[in-house]
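In terms of the numbering used here, the sequence shown opens at residue 9 and continues consecutively.
Backbone N, C-alpha and C fix where the C-beta goes; we use that ideal spot for every residue, glycine too.
Reading through the structure tokens given below for one structure.
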Amino acid sequence: MKIECTLKRHGGTRVELFGAEYHFAPNENDGAHVCEVGDESAIERLLSISEAYKEYVGEFVEDKLQETEDPSDYLITDDKGNDVDLGKMTKAQLVEFAKANEISINRDDKKEVILEEIFKSAVSD
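Listed below in structure tokens is the structure:
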């Protein structure tokens, strides 16, 4: 999962966590200080420090927000009869949804891949 450090330091931010070093360096696209983090424990720890770290959503946030305002092709009905629009969920919400519903996904995949996997699983049940 790509995580963004919201603290902007010259040269980025280096963090040692659980025996690994993570370098949150400015990316070329939008200047966000980003690092790919694969260790689940490290992801949870970093995201628990909400004043400094968050899931990286990329440079096209405005376009993605406009997409979520349109009717979704990913509308499902849960066990209680409630409509759930998977297309409006963030990647983190999709990962939690998959976990809560015991749907097997790779949380390192892109949001679109996770969305497709959850939707396929939900409509095939």
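In this structure, the CA atom of Ser132 is about 42 Å from the CA atom of Glu24.
Assignment of Leu25 by DSSP, reduced to helix, strand and coil, places it in the strand class. Burial state of Val121 is exposed, judged by a 10 Å Cβ sphere holding fewer than 16 other Cβ atoms. By the beta-carbon neighbour count (other beta carbons within 10 angstroms, threshold 16), Ile57 is exposed. Using a 10 angstroms sphere on the CB of Ala28, the tally of other CB atoms stays under 16, which defines it as exposed.
Scanning Ala130, Arg17 and Leu94 for the CA closest to the CA of Lys119 turns up Leu94.
A direct Cα-Cα distance of roughly 24 Å separates Glu52 from Glu124.
Here Ile84 is not near Leu102, since their CB atoms are 8 Å or more apart.
Met9 has its alpha-carbon roughly 9 Å from the corresponding atom of Asp47.
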